[in-house]
Amino acid sequence: MSAEAIPATHKSAQYDEYNGPLHIREVPVPEPGHDDVLVKILYSGVCYSDVSIHAGLLQGDQKFPAVGGHEGAGIVVKVGSHCKDLKVGDTVGIKWINATCLNCEYCRAGREPNCNTPLFSGYNREGTYQQYTLVKEFHAIKLPAGVNLAEAAPILCAGVTVYKALKDSGIRAGQTIAITGAGGGLGCLGIQYAKALGFKVLAIDAGVKEEFCRKLGADYFVDSFATKDIVSTIQTLTNGGPHGVLNVANSAVAINQSIQYVRTHGIVTIVALPKDSRLDVDIITTVLRSITIKTSYVGSREEADEALRFLADGRVKVPIEIRPFSEITKSFDEIRQGKVQGRIVLDLWK
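Residue numbers for the sequence shown, in numbering that gives the first Met the number 0: 0 to 349.
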């Protein structure tokens with residue numbers, strides 16, 4: 000494929016301070032380093048994590064002006080001098096992990112999200128809320144042939160995150176897993192991956208999302224806002240409690256409740272990152288009931304490939320709403336207010 004002309008400048012959504020306004024600016028197109036690929040971003044998913052980072056969830060080595068976004072799908076338009084595996088014209092995805100050392104004990108074990116020296120898309124490296132962006136070749140995910148790029152974008156974070164958490168949950172086919180925040184951006188994919196893995200699903204969210212969750216395959220539903228005693232309600236509905244819980248609702252209350260209603264010998268997995276929150280665990284009861292509490296953090300390159308294969312095979316469908324790039328601020332606001340069902344995807348060229 001012949002290289003397309005790369006403009007000198009492009010549109011980039013930037014903010015100059017935490018909680019500051021998002022400005023779409025015309026800025027120079029970045030130049031790839033020797034091991035980078037330059038990707039023309041066609042679509043970028045909007046993740047709750049981006050909203051949280053914009054609000055100051057992770058403060059440290061973020062540089063301003065900041066460019067968020069870590070669910071990008073697009074086309075390679077230029078490669079660095081040391082790149083060997085990708086070529087101009089390849090369709091790729093960009094995820095949260097933008098670069099790692101490749102040599103520490105975690106990288107060597109295929110656990111690169113836990114690398115000691117990572118670079119993150121949309122945090123300490125410019126992300127996917129711009130028309131062109133950079134990613135280390137090693138961490139660009141080659142997309143399956145024929146996959147819808149707008150649907151593939153959210154798989155790069157939301158999809159791989161819930162897929163990995165479910166795969167490692169310890170739950171067996173035929174058992175029941177509860178998913179908090181089931182109608183949101185992660186939960187809507189969690190329901191589908193859980194069903195594809197053979198689990199029964201109890202969806203937990205606001206009542207207005209019940210129909211949405213059931214259409215995605217949920218076997219049971221509990222309204223987390225209207226239910227007075229959620230612990231006893233869930234235990235009764237599931238004849239003793241679900242075998243596992245996937246916590247993707249950004250709520251410490253929901254996480255702490257899940258430790259109470261999970262079945263004896265059950266497994267609670269925490270994915271959500273509620274700011275300034277703590278677990279409130281009755282240690283004696285938790286030990287006597289043999290409850291396992293574990294966490295899960297995004298996924299590896301291999302797990303991203305696996306998660307995308309579910310999409311390519313039609314076992315998972317991403318419920319998306321495509322919006323023009325200009326609606327990024329509106330999208331942040333609606334996610335912050337909990338108004339979004341499914342996933343918002345921005346078209347960077349509209």
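No residue lacks a Cβ here, since even glycine has one placed at the ideal position from N, Cα and C.
For residue i, which option in the options has the closest C-alpha, if you only look at C-alpha atoms?
i, options, result
"Gly67", "Gly184, Pro20, Cys82", "Pro20"
"Glu210", "Ile176, Glu25, Gly182, Lys77", "Gly182"
"Gln265", "Ser289, Asn255, Ile321", "A small fix is needed here, since residue 265 is Gly in this sequence, not Gln. Measuring from the Cα of Gly265, the nearest candidate turns out to be Ser289."
"Asp167", "Pro323, Glu25, Glu302, Glu333", "Glu302"
"Ser250", "Asp35, Asp228, Phe224, Ile140", "Phe224"
"Thr294", "Leu165, Thr284, Glu333", "Leu165"
"Gly158", "Lys349, Leu310, Pro29", "Leu310"
"Gly243", "Val36, Gly206, Pro153, Gly169", "Gly169"
"Ile282", "Asp304, Asn255, Val270", "Asn255"
"Gly92", "Pro323, Tyr42, Gly216", "Tyr42"
Going straight from the alpha carbon of residue i to that of residue j, what length do you get?
i, j, result
"Lys163", "Ala7", "39 Å"
"Ala253", "Asp275", "15 Å"
"Ile96", "Gly189", "20 Å"
"Lys329", "Leu278", "32 Å"
"Thr235", "Thr175", "13 Å"
"Gly313", "Leu287", "42 Å"
"Ala151", "Leu142", "8 Å"
"Asp60", "Asn123", "6 Å"
"Ala139", "Asp35", "9 Å"
"Cys187", "Pro273", "19 Å"
"Glu320", "Val207", "18 Å"
"Glu125", "Thr90", "19 Å"
"Leu307", "Val230", "35 Å"
"Glu333", "Val339", "6 Å"
Under a three-way DSSP split, which group does residue i fall into?
i, result
"Val50", "helix"
"Asn238", "coil"
"Asn115", "coil"
"Asp332", "helix"
"Gly73", "strand"
"Thr99", "coil"
"Asp304", "helix"
"Gly44", "strand"
"Asn147", "coil"
"Ile290", "coil"
"Ile5", "coil"
"Ala311", "helix"
Provide the residue(s) that pair with residue i in DSSP beta bridges, ordered along the chain.
i, result
"Phe224", "Looking at the DSSP assignment, Phe224 forms no beta bridge with any residue, so it has no partner."
"Ser168", "DSSP, once it has assigned bridges, lists no residue as partnering Ser168."
"His22", "Gln13"
"Ser120", "Arg124"
"Gln129", "Ser11"
"Val36", "Val78, Val134"
"Thr341", "Checking the sequence shown, residue 341 turns out to be Gly, not Thr. Beta-bridge pairing links Gly341 to no other residue."
"Val267", "Val244, Ile292"
Can you give me the Cβ contacts of residue i inside the same chain, cut-off strictly under 6 Å, excluding the 5 residues immediately before and after it?
i, result
"Ser11", "Arg24, Val26, Val66, Gln129"
"Ile292", "Val267"
"Arg335", "Val50"
To which residues of the same chain is residue i closer than 7 Å at the C-beta, ignoring the five residues directly before and after it?
i, result
"Cys103", "Cys114, Asn115"
"Ala54", "Tyr17, Asn18"
So, at 8 Å on beta carbons, what are the nonlocal neighbours of residue i in its own chain, with the 5 sequence-adjacent residues on each side left out?
i, result
"Ile327", "Ala12, Leu21, Ile23, Val45, Tyr128, Leu345"
"Gly240", "Ile233, Gln234, Tyr260, Val261, Arg262, Thr263, Gly265"
"Ala4", "none"
"Tyr131", "Ile5, His9, Val28, Pro29, Leu37, Val38, Lys39, Ile40, Val76"
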